[in-house]
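Residue numbers (the working numbering), protein chains in the order written: chain A, 1 to 114; chain B, 1001 to 1113.
A virtual CB, placed ideally from N, CA and C, is assigned to each residue, including glycine.
All figures in this text were calculated on a predicted structure; none of them were measured in a lab.
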Amino acid sequence: AQSVTQPDIHITVSEGASLELRCNYSYGATPYLFWYVQSPGQGLQLLLKYFSGDTLVQGIKGFEAEFKRSQSSFNLRKPSVHWSDAAEYFCAVAPMDSNYQLIWGAGTKLIIKP
Amino acid sequence: DSGVTQTPKHLITATGQRVTLRCSPRSGDLSVYWYQQSLDQGLQFLIQYYNGEERAKGNILERFSAQQFPDLHSELNLSSLELGDSALYFCASSHSGALDTQYFGPGTRLTVL
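Printed below as a string of structure tokens:
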């Protein structure tokens, strides 16, 4: 069965430091991949998505993600985090054989140290 | 503000009861999606409607049902509520299909006592 794994439940980084959030998926074909962010008390917002083409995808708020087929990964990165980036981040995959409905990872909560 | 509205924001009810959650999509969006977010199950897709018709079904219990009306707003009906149904229920909308950017509402927090 398709699955999405976000191995880190929490990550703490200092403000200004770089960030990498990990996401691995289990799926036979190359899926459609997404990263969403959920700020406290709010709904989810799309950061970026990968469908095909360039494996380095740029998103909003200075985020980028790299698709690595050989590692079945789609890790999210940001070169320098800001306190406002504190939130929960969700990786999701849209497999063709589930009519492209999103299958979600468990989320990674990002904590920013001042 | 995503443009998706959900009412009510909070709902507290008792086991065995029935509730209705309401969602208004962004202007121009034809698809509405319902998701459940709970501590033990995480985020799960429940159901999608497109222009009034059911398009896809996920892990939606038989006690739950949804519909999308001609004005494109949607309602999620939860009946015979159990303690385990306590969760945050999100509605999202997109212009057409599931691969379009989905815009999420702020959610309805349901507490079943």
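Point to revise | Residue from A:G105, A:F34 and A:Y25 whose Cα sits closest to the Cα of D1100 (chain B) | key: Translated into the one-based positions of the second sequence, residue 1100 (chain B) becomes position 100. Checking every option, the nearest Cα to that of D1100 (chain B) belongs to A:F34.
Exercise for review: Tell me whether W1034 (chain B) is buried or exposed, calling it buried when 16 or more other Cβ atoms sit within 10 Å of its Cβ.
Suggested key: Here residue 1034 (chain B) is taken as the residue at index 34 of the second sequence, counted from 1. The residue in question, W1034 (chain B), is buried, as its Cβ has 16 or more Cβ neighbours within 10 Å.
**Study point:** 6 Å Cβ shell around T1007 (chain B) - same chain, five flanking residues per side excluded
**Key:** Numbered from its first residue, the second sequence carries residue 1007 (chain B) at position 7. Taking T1007 (chain B) as the centre and dropping the five residues before and after it, the same chain places the C-beta of R1022 closer than 6 Å to its C-beta, in chain order.
Check your understanding: Can you round the beta-carbon distance between N24 (chain A) and S84 (chain A) to whole angstroms, since I take them to be within the 8 Å contact cut?
Key -> As a first step, residue 24 (chain A) must be located in the first sequence, where it is residue number 24. As a first step, residue 84 (chain A) must be located in the first sequence, where it is residue number 84. Not quite, the Cβ-Cβ distance comes to about 27 Å (not below 8 Å), so this is no contact.
Check your understanding: Can you name the residues of chain B whose CB is closer than 7 Å to the CB of W104 (chain A)?
Key -> The residue you call residue 104 (chain A) lines up with position 104 of the first sequence. Under the 7 Å cutoff, chain B gives G1042 and L1043.
Check your understanding: Which residues, taken in chain order from the stretch 14–43 of chain A, show a beta carbon closer than 7 Å to some beta carbon of chain B?
Key -> Going along the stretch 14–43 of chain A in chain order, one finds Y32, Q42 and G43 with a Cβ nearer than 7 Å to chain B.
Check your understanding: Any contact of the stretch 98–111 of chain A with the stretch 1038–1045 of chain B, i.e. 3+ C-beta pairs under 8 Å?
Key -> yes
Review point. Among the residues of its own chain, which have a CB less than 6 Å from the CB of G1052 (chain B), if the five just before and after it don't count?
Key: Taking the second sequence and counting its residues from 1, the one referred to as residue 1052 (chain B) is at position 52. If we look at G1052 (chain B) and ignore the five residues flanking it on each side, its Cβ neighbours are Q1068.
Check your understanding: Does P1106 (chain B) come within less than 9 Å of chain A when only Cβ atoms are used?
Key -> Residue 1106 (chain B) sits at position 106 when you count from the first residue of the second sequence. Answer yes: the Cβ-Cβ gap between P1106 (chain B) and chain A drops below 9 Å somewhere.
Check your understanding: Contact between the stretch 81–97 of chain A and the stretch 32–49 of chain A: three or more CB pairs below 8 Å?
Key -> Touching, per the Cβ criterion.
Practice item. Check whether the Cβ of V94 (chain A) lies closer than 9 Å to any Cβ atom in chain B. Key: Mapped onto the first sequence, residue 94 (chain A) falls at position 94. At residue 94 (chain A) the sequence reads Ala, which differs from the Val that was named. Closer than 9 Å: yes.
Check your understanding: Does Y89 (chain A) come within less than 9 Å of chain B when only Cβ atoms are used?
Key -> Working through the first sequence from its first residue, we reach residue 89 (chain A) at position 89. False, the Cβ-Cβ gap to chain B never drops below 9 Å.
**Study point:** Residues bridged to E1054 (chain B) [DSSP beta-bridge criterion]
**Key:** Position 54 of the second sequence holds residue 1054 (chain B). Its beta-bridge partners are B:Y1049.
Practice item. Report the rounded CA-to-CA distance for G1084 (chain B) versus V1112 (chain B), giving the unit in angstroms. Key: The residue labelled residue 1084 (chain B) in the question sits at position 84 within the second sequence. The residue labelled residue 1112 (chain B) in the question sits at position 112 within the second sequence. Going by the C-alpha atoms only, they are around 8 Å apart.
Exercise for review: Using three-state DSSP, classify I9 (chain A) as helix, strand or coil.
Suggested key: To locate residue 9 (chain A), count along the first sequence from 1; it is residue 9. Three-state result, I9 (chain A): coil.
Review point. In whole angstroms, what separates the C-alpha of D1071 (chain B) from that of R69 (chain A)?
Key: On the second sequence, residue 1071 (chain B) is found 71 positions in, with the first residue counted as 1. On the first sequence, residue 69 (chain A) is found 69 positions in, with the first residue counted as 1. Rounded to whole angstroms, D1071 (chain B) to R69 (chain A) spans 42 Å at the Cα level.
Check your understanding: Can you tell me where the beta strand (DSSP E) with F1069 (chain B) in it begins and where it stops?
Key -> Walking along the second sequence from the start, residue 1069 (chain B) turns up at place 69. From DSSP, F1069 (chain B) is part of no beta strand (DSSP E); its letter is neither H nor E.
Review point. So which residues on chain A does F1069 (chain B) lean against when the C-beta distance must stay under 8 Å?
Key: Along the second sequence, read from residue 1 onward, the residue named residue 1069 (chain B) stands at position 69. The premise fails here: F1069 (chain B) is roughly 21 Å from chain A at the closest Cβ pair, so nothing lies under 8 Å.
Review point. Start and end of the beta strand (DSSP E) containing V1032 (chain B)?
Key: Looking up residue 1032 (chain B) in the second sequence gives position 32. Note, V1032 (chain B): beta strand (DSSP E), S1031 to S1038.
Point to revise | K61 (chain A) versus Q1017 (chain B): straight-line alpha-carbon distance, rounded | key: Start at 1 with the first residue of the first sequence, and residue 61 (chain A) comes out as number 61. Start at 1 with the first residue of the second sequence, and residue 1017 (chain B) comes out as number 17. C-alpha separation (whole angstroms): 42 Å.
Review point. R22 (chain A): which of A:I111, A:R77 and A:G41 sits nearest, CA to CA?
Key: Within the first sequence, numbered from 1, the residue matching residue 22 (chain A) stands at position 22. Looking at the Cα atoms, A:R77 is the closest of the given residues.
Exercise for review: Using a Cβ-Cβ cut-off of 9 Å, state whether N75 (chain A) counts as contacting chain B.
Suggested key: Working through the first sequence from its first residue, we reach residue 75 (chain A) at position 75. It does not; no Cβ of chain B falls within 9 Å.
Practice item. Using the Cα positions of A1092 (chain B) and Q1036 (chain B), report the straight-line distance between them to the nearest angstrom. Key: The sequence position of residue 1092 (chain B) within the second sequence is 92, counting from 1. The sequence position of residue 1036 (chain B) within the second sequence is 36, counting from 1. Whole-angstrom Cα-Cα distance: 11 Å.
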